[in-house]
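First up is the structure itself, then whatever we jot down about it.
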Amino acid sequence: MKYLISCLIVFTALTTSAQKFTISGTLKDATNGEDLYGGMIKVKELTNVGAISNAYGFFSLTLEKGTYTLIFRSTGFESKETVVELNKDIELKVELDIPKDVQNIEEVEVKAQKENENITGSGMDVTRLDPKDIETIPVLFGEKDIMKTLQLTPGVKGAGEGNAGFFVRGGGADQNLILLDEANVYNASHLLGFFSVFNSDAIKDVSLYKSGIPAEYGGRASSVMDVKMRDGNKKKFGMSGGIGLISSRLTVEAPIVKDKGSFIVSGRRSYADLFLKLSKDTSINQTQLFFYDLNAKANYRLGDKDRIFLSGYFGRDVLGINDAFGFNWGNATGTIRWNHLFSNKLFSNTSIAYSDFDYGFNVGSGEDGFGISSSINDINFKQDFDYFLNSNNKMKFGVNAIYHTFKPGELSGGNSSFNPIVLDTRYGLEAAAYIQNDMKIGSRWSLMYGLRYSAFNLMGDGTAYEFDGNGVLTNSTEYSRGESIALHHGLEPRFSISYILSENNSIKLGYNRNLQYLHRVTNSTTSSPTDIWVPSSNNVLPQLADQIAIGYYQNFNKNMFSFTGEVYYKALQNQIDYRTGASNFLNELIEGEFVYGKGRSYGLELQLQKKKGKFTGWLSYTLSRALRTFDAIDNGREFSARQDRIHDISLVTMYNLTERVALSAAWIYYTGDAVTFPSGKYELNGTVIPYYTERNGYRMPDYHRLDLGATFYFKEREKFEHNLNVSIYNAYNRENAYTITFQEAENDPTQTEAVQTTLFKIIPSITYNFNFK
Amino acid sequence: MKKLALLFSCTLLVFSCQKVIDVDLNESNPQTVIEGNYTAEDSTVVVRITNTSSYFNSDASQTVNNADVTITDVNGLTTNVPLLEAGIYILENYAPEFDTEYTLSVQANGETFSATCEMRTPVLIDDITYEFFPSIFGADAGYAPFLNYQDPADQTDFHLITLGVNSKEWSELTDILQQDDALVNGNYVERPLFGRSLFEFGDTVHMHFRTVDEKIYSYYGQAISNATGGGSSAPGNPDSNWDNGALGFFSAYSSSRKSVVIE
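Rendered as structure tokens:
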């Protein structure tokens, strides 16, 4: 590691000379003191020299001695110019104002890219969303959902009607690393996937990396979704919230000490079950069906060099029918972070994060009752350094260790006729070290190269099993606590290069290799909280993805429009599926139920975006394939993955009709999912059974839908603003197929028929939002 | 899990709808389907041989009438199973030897198929009790029977259960309930059984409790899931005990029956 760093320093030092000084500092929102992430610092006198603020608002820029005009810019803010006399190191605290002359609502600008950072940045395209920018986009039941809006961007496909789960570039739903303030979120959805766990009111920013994934991220094969919570208002007390059809939200934020620290607490609860209470039927009015989320975060600045953050998330879904049946699941995460400035060039972030996902059933009560529970939890230590070597080189390096505890399943029988079962608890240590340099060569080339080394050690106690090719148990070995059952490790190179053709266009190429040591195996149509996470072991090898992508980026009309075109090819190894007829319920021999194969996906993604003006939005088109090959499935014939949607179009538009009214529309079209339909039938026991010939050989009907939305802003008072959002999901009432089942005709058992279920026809909804400033 | 999904679906029912649609399906080559049942309680082997047909074909299944069917016991003694009527081969008075394997061999459509299944000693129903259940989710209130039996501790057991009421037998594939001893090995089991509906006062409830081998138990689970549309995103043909790619199964099983009048 040290050797690597010194190599990099020597290499990068070759490009430096003359007497240099560093300008460093922080960039903030003047209204509430929130750090500005991704703000631009440009030097007027020099072309293609600048810096971008990191997730904590910190920037550092090293220049030769001289007088410079610095321009600070961030989307949605007035830019600021400062002249500096650079003859020593300088520290700046810059606060940007929201423009006074423009009404808030005219600032609806999509922050997927900052001005022309899409052109000049070295990394591959990153999809960035700010909840503020997408608040007028219509969504199901009017529940703002950042994960559903991400599905409208190219290369990201939703897991199904109304579902918050997603697939990136042909990868599996378990191949997305979902981080909330650096803590891993294992199950990011509520109500079997219809809503994500991210309450938009508490979210500052979401970045989705689809390719050229930076070396600081690891652990999942396909993508990284990095969600950052808001820090809270550092200037004054604020309270905001909303009342919707499904849930209500309330957020409170305030300074702890003005300009030094702040906190935010945001809660959300659904209340469908409150309506059930109105029913006279005791089985219905005693039914529980709700979810809630609580986000909390506090930060405090200790002097100029240190800052501490504390953030947490707690959310649960609860489902129950009086005493007869109960089912609940949820995530909990907590993060402690410490930012420290070692110098004006070396920024350090130390985090300790905890995350937990668990579910539990209980059936019956009293002495006949029994319960089932399962959990996974992590303790995550992460040390990251940002080293701003000079204006041409920005390095990142660090280490990461995660200690996982897997409790795959436990049945407690009480006095019921069930025997208690406790599946062996497993422990895993996932460790990684990385180094990366972001480098500019001349005014046209930039290069980002990094290397990540990761390892996973699965430890007992308990029994490890061995299986033959047919999943038959052949051997078992006992391990004691902490003894290594299997060790996997590997190098993950990351690389991207960009060539700036002009101020308005560039081409980029990226490669990344990702290893994934934890796997969520599922065979059901909907994502389920009971889908189990399986660690790599003596049987299960780590998933491995290699991806290469090339992109062309162009801005025109003074960055008002941007065009992105990317092609990619991704190869996946050690993919997992269930054997036919597998049983995953409290099965200690679960690994014998797996079959292994490989996959590949490739595609073309095009997006045209209008980022400024009264009328904003984007049009995106994806042409792609996602294919899998398993020796044990269809005799090794390559088949389409379920999410192999060949054509995928999204059109998202937002229009500010007047100062008080914002309109929006989204139209979505995609090729139907690849599915398995019968090619024949036969009878058993007098019942018709479908006969299948190939995996995913058929297609669901093509999916399309139009959503409309309108937001009415009421007259703003000094201390209070409020608005009403009305939306219509599936406005032209398209009956999209959620499932197609093949069965005997209900009134004539000699006939067979195909029955299509449509989940959501036209759904109007209304949400009221308020904000005390 | 499926029940849970169903419950969620119920709450979303306000918005959802179902309709019969036309789907263009491929034609597949006809495959041999062999449904073999050897029942211990009447010492009879019944084998039904048919071919698969296209999915929306409404004609009765095409039967295979010229097959050679034999059954072989653990001692290697082979007995012919003769054709009785179209596609149906029956051998009567074939007394079972419990806890031994039987092999059914079929020559049909120019190919040879064989499947082996263990005839298990029956586990007996001890008692049928019943309990009143109030109306739930709009369904009628009524009585549910409880299966009571002593699970043997020294073996793994697999059962298929069907119910009947008065003179009616609920014996379609989708009526079959499953019970294994993965969670209850060695225990005295009391399990409520829910059939097509709850029972009324005065009904006579019949229970048929079969003891089958593991492969057959797993086969039924998969076949029932396929027949009901399933919850799987990637359904496949059930994993059969037939070699050589035949569909269907050969099940040798023993039974225990009991009836009770709800009063």
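Residue numbers (the numbering used here), protein chains in the order written: chain H, 1 to 773; chain S, 1001 to 1263. Glycine residues also receive a C-beta, built at the ideal position from the N, C-alpha and C atoms. Keep in mind that this is a model prediction, so the values were computed, not measured.
Sorted by chain position, which residues of the same chain lie with C-beta nearer than 7 Å to residue i's C-beta, five sequence neighbours on each side aside?
{"i": "S:L1177", "result": "I1161, L1193"}
{"i": "H:V688", "result": "K681, E744, T752"}
{"i": "S:Q1221", "result": "Going by the sequence as given, residue 1221 of chain S is Gly instead of Gln. Taken in chain order, the residues that qualify are Q1178."}
{"i": "H:K20", "result": "T62, L63, E64, N390"}
{"i": "H:K260", "result": "Y300, R301"}
Measure the C-alpha to C-alpha separation of residue i and residue j and round it to an integer number of angstroms.
{"i": "H:T693", "j": "S:I1216", "result": "22 Å"}
{"i": "H:M229", "j": "H:K297", "result": "8 Å"}
{"i": "H:D648", "j": "H:P678", "result": "26 Å"}
{"i": "S:P1134", "j": "S:Q1018", "result": "29 Å"}
{"i": "S:N1237", "j": "H:N584", "result": "18 Å"}
{"i": "H:S355", "j": "H:V185", "result": "7 Å"}
{"i": "S:E1092", "j": "H:G158", "result": "57 Å"}
{"i": "H:D577", "j": "H:D29", "result": "48 Å"}
{"i": "S:L1083", "j": "S:R1048", "result": "10 Å"}
{"i": "S:R1257", "j": "H:G320", "result": "35 Å"}
{"i": "H:T758", "j": "S:V1023", "result": "16 Å"}
{"i": "H:L177", "j": "S:E1190", "result": "45 Å"}
{"i": "S:G1110", "j": "S:N1241", "result": "19 Å"}
{"i": "H:A277", "j": "H:Q286", "result": "The question names Ala, but residue 277 of chain H in the sequence shown is Lys. Answer to the nearest angstrom: the Cα atoms are 7 Å apart."}
{"i": "H:S476", "j": "H:N377", "result": "26 Å"}
{"i": "H:R520", "j": "H:Y713", "result": "44 Å"}
{"i": "H:L92", "j": "H:F760", "result": "53 Å"}
{"i": "H:I90", "j": "H:I500", "result": "30 Å"}
{"i": "H:E430", "j": "H:V224", "result": "17 Å"}
{"i": "H:D174", "j": "S:A1095", "result": "53 Å"}
{"i": "H:F198", "j": "S:H1206", "result": "52 Å"}
{"i": "S:D1255", "j": "H:T522", "result": "Looking at the sequence shown, residue 1255 of chain S is not Asp but Ser. Between S:S1255 and H:T522, the C-alpha separation is close to 36 Å."}
{"i": "S:R1196", "j": "H:N769", "result": "48 Å"}
{"i": "S:H1159", "j": "H:R579", "result": "22 Å"}
Assuming residue i and residue j form a contact by the criterion Cβ under 8 Å, report the distance between their Cβ atoms to the nearest whole angstrom.
{"i": "H:S247", "j": "H:I256", "result": "That pair is no contact at about 28 Å."}
{"i": "H:M448", "j": "H:F772", "result": "With a Cβ gap of about 43 Å, H:M448 and H:F772 do not count as contacting."}
{"i": "H:T75", "j": "H:T711", "result": "With 8 Å as the limit, H:T75 and H:T711 do not qualify as a contact, their Cβ atoms being about 20 Å apart."}
{"i": "S:S1054", "j": "S:E1027", "result": "5 Å"}
{"i": "H:T425", "j": "H:F406", "result": "7 Å"}
{"i": "H:N419", "j": "S:V1184", "result": "6 Å"}
{"i": "H:L663", "j": "H:L619", "result": "Not confirmed; about 17 Å, so no contact."}
Which same chain residues, not among the five before or five after residue i, have their C-beta less than 6 Å away from its C-beta?
{"i": "H:Y313", "result": "L180, N295, T333"}
{"i": "H:S727", "result": "P138, G142, G709, S765"}
{"i": "H:I308", "result": "Y300, W338"}
{"i": "H:A272", "result": "L289"}
{"i": "H:Q383", "result": "T350, G398, V399"}
Using the Cβ count rule (16 or more neighbours within 10 Å means buried), how would you classify residue i?
{"i": "S:D1127", "result": "exposed"}
{"i": "H:G469", "result": "exposed"}
{"i": "H:R717", "result": "exposed"}
{"i": "S:Y1188", "result": "exposed"}
{"i": "H:G816", "result": "Because chain H in this structure spans residues 1 to 773, residue 816 of chain H falls outside the shown range and cannot be described."}
{"i": "H:D97", "result": "exposed"}
{"i": "H:I105", "result": "Its pLDDT being 29, under 50, H:I105 is placed unreliably in this model, and the coordinates cannot settle the point."}
{"i": "H:L44", "result": "Sequence inspection shows Lys at residue 44 of chain H; the Leu mentioned does not correspond to that position. Flag for H:K44 reads exposed."}
{"i": "H:N32", "result": "buried"}
{"i": "S:E1244", "result": "For the record, residue 1244 of chain S in the displayed sequence is Asn; it is not Glu. With fewer than 16 Cβ atoms within 10 Å of its Cβ, S:N1244 is classed as exposed."}
{"i": "H:W778", "result": "No answer is possible for residue 778 of chain H: the residues shown for chain H start at 1 and end at 773."}
Would residue i pass as an interface residue toward chain A - the criterion being a Cβ-Cβ separation below 7 Å?
{"i": "S:Y1055", "result": "Given the protein chain composition of this structure (H and S), no chain A is represented."}
Residues in its own chain within less than 8 Å of residue i by CB, not counting five upstream and five downstream?
{"i": "H:S480", "result": "G460, D461"}
Check distances from the C-beta atoms of the stretch 744-761 of chain H to those of chain S and list, in chain order, the residues that come in under 7 Å.
T750, Q751, T752, E753, A754, V755, Q756, T757, T758, L759, F760, K761
What are the residues of the stretch 690-705 of chain H that lie near chain S, defined by any Cβ-Cβ distance shorter than 7 Å?
P690, Y691, Y692, T693, R695, N696
Chain H contacts made by the stretch 1107-1131 of chain S, where a contact means CB separation under 9 Å:
none
With 7 Å as the C-beta to C-beta threshold (strictly closer), list the residues of the stretch 657-679 of chain H near chain S in chain order.
T676, F677, P678, S679
Check each residue of the stretch 582-611 of chain H: if its Cβ is closer than 7 Å to any Cβ of chain S, include it; give the result in chain order.
none
Residues of the stretch 342-370 of chain H whose Cβ lies closer than 8 Å to any Cβ of chain S, in chain order:
none
Check each residue of the stretch 446-467 of chain H: if its Cβ is closer than 7 Å to any Cβ of chain S, include it; give the result in chain order.
none
Name, going along the chain, the residues of the stretch 232-252 of chain H whose beta-carbon falls closer than 7 Å to a beta-carbon of chain S.
none
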